[in-house]
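Trainee: Numbering (this note's numbering), first residue to last: 1 to 143.
The C-beta atom is built at its ideal place from N, Cα and C for all residues, glycine as well.
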């Protein structure tokens with residue numbers, strides 16, 4: 001029998017200072033490892049790994065808080081756009097198995113070529129507009 005305790009979920013016990021909006025079923029908090037100024041997370045209060053296992057009410061709460069978080073970020077940082085993302089499952093890049101949605105503010109010039117956004121998970125397929133030039137463009141982005 002092992003005495004190793006499972007690592008506690010970082011989203012089940014959140015520092016109140018990180019919370020930017022909340023309601024009964026979900027919270028919005030600053031990201032601990034922000035990609036840009038204002039990057040935040042929307043998280044259901046109930047510990048659930050998959051977005052698809054959330055109740056309809058929890059999903060609605062997350063969408064409501066996405067709007068509330070955007071309003072806070074707009075006021076504090078005035079970004080030029082947003083990426084909204086959710087990694088569902090380890091093979092999709094989920095590293096904390098408590099569902100969470102990323103609200104990532106984007107700023108003019110923060111990436112050399114932002115076209116395609118999340119499509120760059122698959123660099124060779126991302127630049128669909130360039131007809132078979134995805135690998136070439138991906139290589140240029142690495143430099």
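Spell out the partners DSSP gives residue 39 in its beta bridges.
Mentor: Translated into positions along the chain shown, residue 39 becomes position 39. Its beta-bridge partners do not exist; DSSP assigns none.
Trainee: Check for me: the alpha helix (DSSP H) holding residue 150 runs from which residue to which?
Mentor: Only positions 1 to 143 of the chain appear in the structure, and residue 150 is not among them; the question remains open.
Trainee: Note down, in chain order, each residue of its chain lying with its Cβ closer than 6 Å to the Cβ of residue 12, except the 5 sequence neighbours on either side.
Mentor: Stepping through the chain shown from its first residue, residue 12 is reached at position 12. These residues qualify, in order along the chain: 47.
Trainee: Tell whether a beta-carbon distance below 9 Å holds between residue 94 and residue 87.
Mentor: Looking up residue 94 in the chain shown gives position 94. Looking up residue 87 in the chain shown gives position 87. Contact: yes.
Trainee: Distance check for residue 29 and residue 20, CA to CA, integer angstroms please.
Mentor: Reading the chain shown from its first residue, position 20 is the one you call residue 20. Reading the chain shown from its first residue, position 29 is the one you call residue 29. Near 5 Å, if we compare the C-alpha coordinates of residue 29 and residue 20.
Trainee: Suppose you measure from the CA of residue 42 to the CA of residue 124; what does that come to, to the nearest Å?
Mentor: The residue labelled residue 42 in the question sits at position 42 within the chain shown. The residue labelled residue 124 in the question sits at position 124 within the chain shown. Cα to Cα, residue 42 sits roughly 30 Å from residue 124.
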